[in-house]
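To start, the structure itself, in structure tokens.
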């Protein structure tokens, strides 16, 4: 599949020249982060919460404790939606209504199942950690059965999705370009600062390669 | 009001030692950004979209075109929820399940009305722009009646809310502190790069004070 098919649910209505249904483009947005906003209905009301996720192919993995209200609600609903957005800049126009932001945003819709098998649960947790920071799982204390037992893992299969990307300059009304008003872009980025060792870490222990690599890739 | 009262809807269930219902603390989280995730129900499904907002006292303002599906749905539902989160760091623990992030996240619940009066609409748009970048509204081309007429402004009154803040170090199992595994925090921040003038801007036009000020406050 190269493109998600358009339906009533995922078709972008406003600003559809910025819309994409391209699977690879949407995966690129998902893989540029690890924090998504998961929507659910509670007591008849829609709400969303930020959640770490891992993506593998067309699957999204979430986890939490066995008592996690949102995850239990998603399993019961058998479906979910998640939105991931990266803010790339302020768009400062000559008129108020042409102010905007540059961004990459993907909204996913899919089916949900609880992951039951321990091997699959661990694989999902590895996927989750790889999404946050690569190459760390093998360097930490292995997960034990007690931990696996008290962890709820949810798998979403992406059934359809859409994304919106704005990555251009200011777009003002034609007659406003002659005005003596400054317009432009203020680029926005998310960066990492130098890692801070935990209080229990001896001064002789070096910061591992995979952590320094994350820092180098993400520093300002 | 100093604290939002706790109800079934806003009471934080998981990790409630990190919860706060303090109005000022929640306002501080809201005022540290301008992009929220607004949840709504469409065709029986919950979804959320990123939206710019302005806050004044206990009111949140959103706007869009008169045909904006989400805003029209919110007006019909007469209620909405919005979540605002700032990511502050990766928490890299000695075991997988103690990995976390440092963050500040607020979730609001409230009633919704369409703003009808032109004066109130413009005031809401000023509030919206001030939230994104201060002191710009008076420097741009004034809004005209045609623009006001085709803009839908929605006002949410915050009825209840909660926030979760994690701003501490690694919290591992007591027996894991002796392991020869590096643990620590990688701080994460959102920064601004130097403003880029629009293609139509003459080289003689200086970047205005309010834009440079935004850059200086937010640069790495």
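Chains as they are written, first to last, in the UniProt record's numbering: chain Z, 1 to 220; chain P, 1 to 220. All C-beta atoms, glycine included, are put in the ideal place defined by N, C-alpha and C. What you are looking at is a predicted structure, and each value in this text was computed from that prediction instead of being measured.
Cross-chain neighbours of residue 68(Z) in chain P, by beta carbon under 9 Å: Contact note: residue 68(Z) reaches chain P through 13, 14, using a C-beta cutoff of 9 Å and chain order.
Where residue 174(P) sits in the DSSP three-state scheme: Residue state, collapsed to three classes: helix.
Burial state of residue 117(P) (16 or more Cβ within 10 Å): By the neighbour-count definition (other C-beta atoms within 10 Å, threshold 16), residue 117(P) is an exposed residue.
Endpoints, the alpha helix (DSSP H) within which residue 215(Z) is located: Secondary structure note for residue 215(Z): its alpha helix (DSSP H) is the uninterrupted segment 209 to 218.
Alpha-carbon spacing of residue 171(P) relative to residue 62(P), whole angstroms: Whole-angstrom Cα-Cα distance: 38 Å.
Residue burial classification, residue 199(P) (beta-carbon count within 10 angstroms, cutoff 16): By the neighbour-count rule (16 or more Cβ atoms within 10 Å), residue 199(P) is not buried but exposed.
Under the three-state DSSP convention, the category residue 15(Z) falls into: Assignment of residue 15(Z) by DSSP, reduced to helix, strand and coil, places it in the coil class.
DSSP state of residue 75(P) mapped onto helix, strand, coil: Residue state, collapsed to three classes: helix.
Assigned exposure category for residue 150(P) - 16 Cβ within 10 Å defines buried: Residue 150(P) comes out exposed.
Within chain P, partners of residue 170(Z) - CB distance below 7 Å: Identification of chain P residues near residue 170(Z) by a Cβ-Cβ cut-off of 7 Å yields 198, ordered along the chain.
Residue 37(P) beta carbon less than 8 Å from that of residue 48(Z): Yes. Within cutoff.
Status (buried if at least 16 other CB within 10 Å, exposed otherwise) for residue 94(P): Counting Cβ neighbours within 10 Å, residue 94(P) comes out buried, since at least 16 surround it.
Rounded distance between the beta-carbons of residue 85(Z) and residue 234(P), thought under 8 Å: Given a span of 1 to 220 for chain P in the structure shown, any question on residue 234(P) remains unanswerable.
8 Å Cβ cutoff, residue 189(Z) in contact with chain C: Within the model displayed, chain C is absent; protein chains Z and P are what it includes.
Beta-carbon proximity check, residue 154(Z) vs residue 115(Z), cutoff 8 Å: In this structure, residue 115(Z) lies closer than 8 Å to residue 154(Z) by Cβ.
Buried or exposed by the 16-neighbour rule on C-beta atoms within 10 Å, applied to residue 121(Z): Looking at its Cβ environment, which holds 16 or more other Cβ atoms inside 10 Å, residue 121(Z) is buried.
Interface partners of residue 139(P) on chain Z, CB under 9 Å: Those within 9 Å of residue 139(P) in chain Z are 181, 182.
As assigned by DSSP and simplified to three states, the class of residue 38(Z): The DSSP-derived three-state label of residue 38(Z) is strand.
Neighbourhood of residue 30(Z) by C-beta distance below 7 Å, restricted to the same chain and skipping five residues each side: Counting only Cβ-Cβ distances below 7 Å, and skipping sequence neighbours, we find 55, 84, 106.
Under 8 Å between C-beta atoms of residue 162(P) and residue 182(Z): Between residue 162(P) and residue 182(Z), the C-beta gap is not smaller than 8 Å, which leaves the two residues out of contact.
Residue nearest to residue 213(Z) in terms of C-alpha spacing, selected from 191(Z), 134(Z), 3(Z), 205(Z): Nearest to residue 213(Z) by C-alpha distance, out of 191(Z), 134(Z), 3(Z), 205(Z), is 134(Z).
Close-in-space but distant-in-sequence residues of the same chain around residue 136(P) (CB under 7 Å, 5 per side omitted): Here the set comprises 129, 210.
Within 8 Å, strictly: CB atoms of residue 79(P) and residue 110(P): Against a cut-off of 8 Å, the Cβ pair of residue 110(P) and residue 79(P) comes out as a contact.
Cβ distance (whole Å) where residue 45(P) is taken to contact residue 81(Z) below 8 Å: The beta carbons of residue 45(P) and residue 81(Z) sit about 6 Å from each other, so the pair counts as a contact at 8 Å.
N- and C-terminal bounds of the beta strand (DSSP E) containing residue 161(P): Its beta strand (DSSP E) spans residues 151 to 166.
Outcome for residue 104(P) when other beta-carbon atoms lying within 10 angstroms are tallied against a minimum of 16: That one is buried.
Residue of 215(Z), 33(Z), 69(Z) minimising C-alpha distance to residue 53(Z): For the options 215(Z), 33(Z), 69(Z), the alpha carbon positioned closest to that of residue 53(Z) is the one of 33(Z).
Chain-ordered neighbours of residue 79(Z) on chain P, where CB pairs are closer than 8 Å: Neighbours of residue 79(Z) on chain P, chain order: 45.
Within chain Z, the residues that residue 165(P) reaches when beta carbons sit closer than 9 Å: Around residue 165(P), no beta-carbon contact reaches into chain Z at under 9 Å, the shortest distance being about 13 Å.
Counted within 10 angstroms of its Cβ, other Cβ atoms place residue 216(Z) as buried (16 or more) or exposed: Result: exposed.
Simplified DSSP assignment, three categories, for residue 64(Z): Strand.
First and last residue of the uninterrupted alpha helix (DSSP H) at residue 23(P): Counting along the chain, the alpha helix (DSSP H) containing residue 23(P) begins and ends at 23 to 31.
Contact check, residue 112(P) vs residue 99(P), beta carbons under 8 Å: Their beta carbons are not under 8 Å apart, which means residue 112(P) does not touch residue 99(P) by this criterion.
Closer than 8 Å to chain P by CB, residue 110(Z): Chain P, which has no Cβ nearer than 8 Å to the Cβ of residue 110(Z), makes this no.
Local Cβ density within 10 Å of residue 13(P), reported as buried at 16 or more and exposed below that: So residue 13(P) counts as exposed.
Under 9 Å by beta carbon: chain Z residues contacting residue 192(P): Neighbours of residue 192(P) in chain Z, taken as residues whose beta carbon is under 9 Å from its own, are 89, 90, 186, 187, 188, 189 in chain order.
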